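For reference, the structure is listed below as structure tokens.
There are 4 protein chains.
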Amino acid sequence: MDTLDDSGRDRERKRTIVWDDPQINKRDAVSAISGLDYLRSIRDGKISPPPAAKLIGYQLKDVDYGFAAFELHPGEHHYNPFATVHGGILSTLLDTAMTAAVLTTLPQNITCSTVEIKVNFIKPVTAESKLVRCEAKIIHSGRKLATVEGRIKGGNDELYAHGVSTCLIFKVN
Amino acid sequence: MDTLDDSGRDRERKRTIVWDDPQINKRDAVSAISGLDYLRSIRDGKISPPPAAKLIGYQLKDVDYGFAAFELHPGEHHYNPFATVHGGILSTLLDTAMTAAVLTTLPQNITCSTVEIKVNFIKPVTAESKLVRCEAKIIHSGRKLATVEGRIKGGNDELYAHGVSTCLIFKVN
Amino acid sequence: MDTLDDSGRDRERKRTIVWDDPQINKRDAVSAISGLDYLRSIRDGKISPPPAAKLIGYQLKDVDYGFAAFELHPGEHHYNPFATVHGGILSTLLDTAMTAAVLTTLPQNITCSTVEIKVNFIKPVTAESKLVRCEAKIIHSGRKLATVEGRIKGGNDELYAHGVSTCLIFKVN
Amino acid sequence: MDTLDDSGRDRERKRTIVWDDPQINKRDAVSAISGLDYLRSIRDGKISPPPAAKLIGYQLKDVDYGFAAFELHPGEHHYNPFATVHGGILSTLLDTAMTAAVLTTLPQNITCSTVEIKVNFIKPVTAESKLVRCEAKIIHSGRKLATVEGRIKGGNDELYAHGVSTCLIFKVN
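Protein chains in written order, with UniProt numbering: chain X, 1 to 173; chain C, 1 to 173; chain W, 1 to 173; chain D, 1 to 173.
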């Protein structure tokens with residue numbers, strides 16, 4: 001059984017992840033409802049988040065047309081060999097928020113995928129950072145491509161990382 | 001209890017991660033031994049991999065001066081809302097391999113951190129990809145900065161993603 | 001002799017560039033005065049712009065702590081094989097503005113150089129775009145590294161390109 | 001009148017650029033012939049290079065399916081405020097070579113444009129570098145998108161800059 005201390009760290013150095021059938025997410029995210037409706041359903045707990053959200057532990061907090069915000073409680077289980085949160089975890093958070101921001105603008109049967117992402121790491125995140133928030137907003141949305149930017153900040157508005165991404169927009173057949 | 005099928009996927013949609021004290025990794029990765037000796041110890045099972053390696057599930061397979069290769073069995077637990085491996089997981093794999101390639105060139109008390117990473121996603125990875133391998137090699141190594149590139153490929157040499165990264169090299173005080 | 005029409009285009013398809021000794025620029029930009037004073041002197045016409053500014057034809061219009069704005073009259077002489085302004089010209093404009101924004105924060109004998117730049121091209125620029133403006137502002141400025149972003153826009157606020165860059169900050173010996 | 005010395009530098013700090021109608025280039029590059037035939041015609045002097053090539057001064061030297069190499073004599077007219085070749089000039093050279101490498105793979109009426117470019121600057125180029133060569137080759141070419149990499153090197157194989165780029169491939173209507 002998990003016993004978490006104040007910093008959100010598992011004193012037992014063990015964590016159990018449980019997830020749901022990702023095909024249900026796929027159906028909703030891509031075809032059944034619009035991107036914005038899908039994300040609102042995730043935010044409101046009506047749809048279970050995809051497996052990666054459970055694995056990494058981030059949560060969708062706010063979503064609007066062209067905008068998405070996710071939060072993460074950084075913990076020791078996210079650590080790289082330097083005992084700070086792995087940059088890949090921060091990249092995952094940025095990719096998640098930036099793709100979500102694009103998804104908010106897409107109707108049913110139109111979806112997107114990340115063509116490329118670019119992340120700058122400004123300051124290490126540790127379990128002592130307690131909670132980080134990643135906000136993403138669209139820079140430009142075209143017919144085939146969209147660009148989007150995101151920033152990860154801590155409690156007192158300090159910047160941990162920022163990124164920019166290009167997404168391909170396409171019809172689902 | 002975990003029951004894994006052939007593809008490394010958990011049929012029960014549950015996964016338990018166990019890790020070790022990351023401060024031990026930090027001491028070895030940064031100060032106690034050279035970067036190459038640290039990584040060889042990880043590869044040979046003499047040092048426990050850092051928590052993020054346990055969380056994501058990648059393993060160091062090959063390491064040499066200026067080079068590192070990691071492998072990952074992609075599974076459903078890595079999936080994004082589109083039922084493919086989250087791009088952030090691939091970014092994590094690339095960041096891990098690219099940083100390791102730089103670390104191989106650094107003596108004791110000299111370490112590095114990723115300044116920025118740029119990843120292009122070419123083809124989706126799924127559990128059916130079975131095993132992906134990420135190889136990274138240094139492009140240029142200077143006194144203050146190094147640049148490094150990496151590629152993620154599948155069994156029959158198909159390209160899934162590629163990246164480039166800039167690392168800052170610095171003395172540990 | 002040059003004969004320019006309304007769009008800033010040389011009807012004779014000939015252009016003569018004249019520049020001044022770049023060592024004078026170097027002395028002022030790096031050592032003699034602060035970065036902000038150097039750039040203000042360029043803006044006010046007290047120091048001749050560096051050769052690349054004459055070659056490409058951009059001009060510094062506004063400068064403040066952490067901020068710089070340059071303008072360019074796009075012309076046929078900037079064209080690539082597709083008869084639009086070469087992306088490299090837009091990258092040059094972004095690099096110029098972003099580096100200038102970092103330079104504004106640096107005192108005498110501290111300078112910077114671009115480690116890497118990343119540019120997204122949104123919409124082609126042509127001579128018909130008449131005038132484009134590139135604004136850059138610092139995202140984060142540290143002791144060794146700074147990150148900065150820039151956008152190129154046209155008259156009615158339409159976005160042509162945006163970029164982000166990492167600069168190394170160092171003492172001049 | 002221009003007086004050029006051995007290094008291609010204008011001792012008088014004056015340079016006159018002459019170019020041809022870019023619409024002729026556009027017709028050939030996009031529609032009249034395949035990308036490879038267009039570039040071979042440029043290389044062999046049968047088609048005049050586009051204006052930007054004249055402005056910056058680079059020349060196509062080698063071209064093959066998925067590959068292109070351009071050369072540049074760096075001069076004082078390329079200098080930034082730090083009396084080295086402006087990074088934007090190097091970005092232009094990389095963008096040119098990388099786009100050309102993609103163009104070599106495209107038939108008539110199919111063309112490409114740069115979605116985004118990322119350049120790392122390794123070592124300053126000066127007039128003393130005499131001649132730099134930029135080689136680009138395709139990493140992956142898909143139906144809608146291609147990725148390509150390039151490197152700028154000097155005489156004794158020293159690396160000045162490297163880049164990666166994403167191109168959009170599309171039919172010309």
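We put the CB at the ideal spot given by N, CA and C, even for glycine.
Quick caveat: nothing in here was measured; it's all calculated off a predicted structure.
- Within chain W, Ser113, Thr114, Val115, Glu116 and Ile117 have C-beta atoms less than 9 Å from the C-beta of Phe121(D), given in sequence order.
- In terms of beta-carbon proximity, Thr166(D) lines the interface with chain X, with at least one pair separated by less than 8 Å.
- Nearest in C-alpha terms to Pro107(D), of all of Leu36(D), Asp20(D), Thr16(D) and Asn25(D), is Leu36(D).
- Residue environment: Gly57(D) is assigned as buried (16 or more neighbouring CB atoms within 10 Å of its CB, all protein chains considered).
- For Ala53(C) and Cys167(X), the gap between their C-alpha atoms comes out near 28 Å.
- Here Val119(W) is actually not in contact with Lys137(W); their C-beta atoms are around 16 Å apart, not less than 8 Å.
- Proximity of the stretch 73 to 90 of chain W to the stretch 120 to 128 of chain W meets the contact definition, three or more beta-carbon pairs being nearer than 8 Å.
- Distance from Leu39(W) to Ala100(W) at the Cβ level is roughly 6 Å; contact confirmed, criterion being Cβ atoms closer than 8 Å.
- Cβ contact annotation for Ser141(C) (same chain, cutoff 6 Å, sequence separation greater than five): Thr105, in chain order.
- Non-local beta-carbon contacts of Ile47(D) in its own chain, meaning distances under 8 Å to residues more than five positions away in sequence, involve Ile24, Asn25, Asp28, Tyr38 and Ser41 in chain order.
- Taking 9 Å as the Cβ-Cβ cut-off, the stretch 135 to 162 of chain C approaches chain W at Lys144, Leu145 and Thr147, given in chain order.
- A residue is called buried when at least 16 other Cβ atoms come within 10 angstroms of its Cβ; Thr16(C) does not meet this threshold and is exposed.
- Contact between Leu90(X) and Ile33(X) does not hold, since the beta-carbon distance rounds to 29 Å and is not under 8 Å.
- The C-beta separation of Phe121(D) from Ala161(D) comes to about 5 Å, placing the pair in contact by the 8 Å criterion.
- Around the CB of Tyr65(X), fewer than 16 other CB atoms lie within 10 Å, so the residue is classed as exposed.
- Val63(C) is positioned such that its CB atom lies closer than 8 Å to that of Arg43(C).
- In this structure, Gly163(D) is the residue among Ile169(D), Gly163(D), Asn173(D) and Leu103(D) with its C-alpha nearest to the C-alpha of Gly87(D).
- Excluding residues up to 5 positions away in sequence, Val85, His86 and Ile89 lie with their Cβ nearer than 7 Å to the Cβ of His78(C) in the same chain.
- Phe170(W) is the residue among Asp20(W), Phe170(W), Glu12(W) and Arg13(W) whose C-alpha sits nearest the C-alpha of Asn109(W).
- Taking a Cβ-Cβ threshold of 7 Å, none of the residues of chain X is close to Ile110(C); the smallest such distance is about 13 Å.
- Tyr79(X) has Val85(X) as its beta-bridge partners, per DSSP.
- CA-CA distance, Val102(C) to Asn80(X), rounds to 15 Å.
- Note that the C-beta distance between Glu135(X) and Gly150(X) is below 8 Å.
- In chain W, no part has a C-beta under 9 Å from the C-beta of Gln59(D); the shortest such distance is about 14 Å.
- Between Asp95(X) and Arg13(C) a beta carbon distance of about 23 Å is seen, past the 8 Å cut, so the two are scored as non-contacting.
- Between Pro22(D) and Ala146(W), the CB-CB gap reaches or exceeds 8 Å.
- For a Cβ distance threshold of 7 Å, residue set Glu76, Tyr79 and Ala83 of chain X lies close to Pro22(C), ordered along the chain.
- Below the 7 Å Cβ cutoff, chain W contributes Val18, Trp19 and Asp20 as neighbours of Arg13(D), in chain order.
- Cys112(D) is the residue among Leu131(D), Glu116(D), Cys112(D) and Pro49(D) whose C-alpha sits nearest the C-alpha of Val172(D).
- In the three-state DSSP reduction, Asp44(D) falls in the coil class, being neither helix nor strand.
- Buried is the label assigned to Glu116(X), since at least 16 other Cβ atoms lie within 10 Å of its Cβ.
- For Ile89(W), the nearest CB of chain D lies under 8 Å from its own CB, placing it at the interface with that chain.
- Taking CB atoms only, Pro107(C) has no neighbour in chain X less than 8 Å away.
- Interface flag for Leu55(W) against chain D is set, since a Cβ pair is found closer than 8 Å.
- No Cβ of chain D is located within less than 8 Å of the beta carbon of Val132(W).
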